[in-house]
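S.K.: Pasting a structure below so you can have a look.
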Amino acid sequence: MPAYLAVKAGKVRVSTSTTVSVQEWTFEIKGDPQDVTSGEHSGYGTYVGGVADGDISFTGVFDLAMSTPVTTLAPNAILSGCIFYVNDTSGASVSCSMIVSSFRINTVIRGKVNATVTGKSTGTITLTSL
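Here's what the structure looks like:
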């Protein structure tokens, strides 16, 4: 029987003491294959693995009472030991450190205020129970 995952309480740990609830997070792990094709490869492309990294984004309702100050999520901030949880703070997750590339606040009349943080992974990426 398949073991599908359903998100019920997605969270992101942004520091050792602060975990925030989010509506959505994405983590795209990408490789960087390098073309080393030469005349010795009989007409076939040949590649070697380059540097792997991840593009990261998470969005949640902006909470003025949030214990993490906005400056923690400012561009160029390094968030060490981030963990992206599928459900609450256990089970399936992705972890790494990240450098923040942008912090965006989005407002809509008659809507909630959302905050979106984007960035790049730095260092080792660990997948747990995915």
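If you read the sequence shown in the numbering used here, its first letter stands for residue 174, the second for the next number, and so on.
All residues carry an ideal CB built from backbone N, CA and C; glycine is no exception.
All of these numbers come straight from a predicted model, not from anything done at the bench.
(1) In this structure, does DSSP put GLY212 in helix, strand or coil?
(2) Looking at C-beta atoms only, is the number of pairs between the stretch 253-264 and the stretch 272-280 that lie closer than 8 Å three or more?
(3) Specify, as a first and last residue, the run of the beta strand (DSSP E) that ASP226 falls within.
(4) Around the Cβ of GLY292, are there at least 16 other Cβ atoms within 10 angstroms (buried) or fewer (exposed)?
(5) Look at the alpha carbon of VAL234 and the alpha carbon of GLY222, and state the distance between them as a whole number of angstroms.
(6) Grab me the residues of GLY254's own chain with a C-beta within less than 8 Å of its C-beta, minus the 5 sequence neighbours each way, in chain order.
(7) Is DSSP giving THR301 helix, strand or coil here?
(8) Is ILE251 near ILE229, with beta carbons less than 9 Å apart?
(9) Under the three-state reduction of DSSP, which class applies to THR199: helix, strand or coil?
(10) For my contact list, LYS184 and THR299 are in at a C-beta cut-off of 8 Å; report their separation, rounded to the angstrom.
M.R.: Reading from the atomic positions:
(1) To locate residue 212, count along the sequence shown from 1; it is residue 39. Of the three classes helix, strand and coil, the one that applies to GLY212 here is helix, per DSSP.
(2) no
(3) Position 53 of the sequence shown, counted from the start, is the residue given in the question as residue 226. Run containing ASP226: 226-234, per the beta strand (DSSP E) assignment.
(4) By one-based count along the sequence shown, residue 292 stands at place 119. It is buried - the Cβ of GLY292 has at least 16 other Cβ atoms within 10 Å.
(5) Stepping through the sequence shown from its first residue, residue 234 is reached at position 61. Stepping through the sequence shown from its first residue, residue 222 is reached at position 49. Rounded to whole angstroms, VAL234 to GLY222 spans 38 Å at the Cα level.
(6) Locating residue 254 in the sequence shown gives position 81, counting from the first residue. Result list for GLY254: ARG186, SER188, THR189, SER268 and SER270, in chain order.
(7) In the sequence shown, residue 301 corresponds to position 128, counting from 1. Of the three classes helix, strand and coil, the one that applies to THR301 here is strand, per DSSP.
(8) The residue given as residue 251 occupies position 78 in the sequence shown. The residue given as residue 229 occupies position 56 in the sequence shown. Cβ atoms of ILE251 and ILE229: not closer than 9 Å.
(9) By 1-based counting over the sequence shown, the position of residue 199 is 26. In the three-state scheme derived from DSSP, where H, G and I count as helix and E and B as strand, THR199 is classed as strand.
(10) Position 11 of the sequence shown, counted from the first residue, corresponds to residue 184. Position 126 of the sequence shown, counted from the first residue, corresponds to residue 299. No, LYS184 and THR299 are not in contact; Cβ-Cβ is about 17 Å, not under 8 Å.
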